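Numbering (the working numbering), first residue to last: 111 to 334.
Given below as structure tokens:
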């Protein structure tokens with residue numbers, strides 16, 4: 111895994127304007143395109159999830175959901191969707207034991223199209239945790255990175271996508287993430303990316319505007 115850092119790309123004035131325009135247009139979205147739900151999936155119950163609805167456009171619904179006693183079942187299922195994507199991509203060794211610290215303190219973002227979760231993501235606010243996820247990983251020398259800057263920071267993780275929905279669902283996810291991070295007042299955003307996964311790297315670099323960190327530039331691993 112390599113650490114990516116961004117001085118919060120959504121703070122760029124041009125992108126802020128773009129996000130603002132997207133949010134305004136989404137508030138006027140035509141909801142008639144939403145299909146009838148089956149009712150047998152928890153995330154098909156729009157009335158149940160209405161308090162968590164953040165954005166909606168062209169049948170894509172973005173939900174923002176912090177983990178708490180009321181949402182713990184739902185957020186665990188969102189994490190399971192992410193784990194399923196990892197398994198399909200050939201990744202082994204995902205550890206709930208390692209991830210639970212961030213799962214329990216995280217806020218989940220997920221996009222639903224009809225009866226399918228098409229994107230998952232999660233934000234961890236460092237003010238709620240003693241360390242960011244990349245601080246848990248081991249460097250080649252066995253040591254850990256320590257983020258010492260006293261600035262509000264977040265980590266974006268648990269990202270997965272059904273590729274056929276990428277172009278239409280990603281702008282909504284970015285708008286929701288950007289607004290949430292901006293509301294937090296965060297000045298730095300981190301994420302981890304597998305250096306062997308060229309597709310994900312391209313997404314993070316080209317679409318999300320992340321750069322490889324020059325401060326935390328060595329790759330890290332999470333020993334099982």
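Every residue gets a Cβ at the ideal spot worked out from N, C-alpha and C, and that includes glycine.
Quick caveat, the model's predicted, so the values are computed rather than measured.
Given a cut-off of 8 Å on the beta-carbon distance, is the pair residue i and residue j in contact?
i	j	result
residue 333	residue 248	yes
residue 242	residue 300	yes
Can you name the start and end residues of the beta strand (DSSP E) that residue i belongs to?
i	result
residue 206	Taken as a continuous stretch (DSSP letters only), residue 206 belongs to no beta strand (DSSP E), being part of the alpha helix (DSSP H) at 206-214.
residue 242	Note, residue 242: premise wrong, no beta strand (DSSP E); not H, not E.
residue 217	217-223
residue 235	226-235
residue 175	170-176
If contacts are defined as beta-carbon pairs under 8 Å, then residue i and residue j qualify, I think. What distance do you get, rounded to the angstrom?
i	j	result
residue 303	residue 272	About 19 Å; that fails the 8 Å criterion.
residue 296	residue 221	Actually they do not touch by this definition, with Cβ atoms about 21 Å apart.
residue 185	residue 177	5 Å
Given this structure, state the Cα-to-Cα distance separating residue i from residue j, to the nearest angstrom.
i	j	result
residue 261	residue 298	8 Å
residue 218	residue 252	31 Å
residue 140	residue 254	Residue placement at residue 140 is flagged as unreliable, the pLDDT there being 33, under the threshold of 50; a coordinate-derived value is accordingly withheld.
residue 151	residue 211	27 Å
residue 174	residue 282	12 Å
residue 56	residue 172	Nothing in the structure corresponds to residue 56, since the chain is present only between 111 and 334.
residue 232	residue 246	17 Å
residue 133	residue 250	The predicted model places residue 133 with a pLDDT of 38, which falls under 50 and marks its position as unreliable; any figure quoted below should be read in that light. Answer to the nearest angstrom: the Cα atoms are 43 Å apart.
residue 182	residue 234	16 Å
residue 223	residue 230	12 Å
residue 149	residue 159	Annotation note: pLDDT 44 at residue 149 (below 50); position unreliable, coordinate value reported separately. About 12 Å.
Start and end of the alpha helix (DSSP H) containing residue i?
i	result
residue 158	156-159
residue 290	276-294
residue 165	Note, residue 165: premise wrong, no alpha helix (DSSP H); beta strand (DSSP E) at 163-167.
Pair every Cβ in the region 160-177 with every Cβ in the region 285-292, then say whether three or more of these pairs are closer than 8 Å. yes
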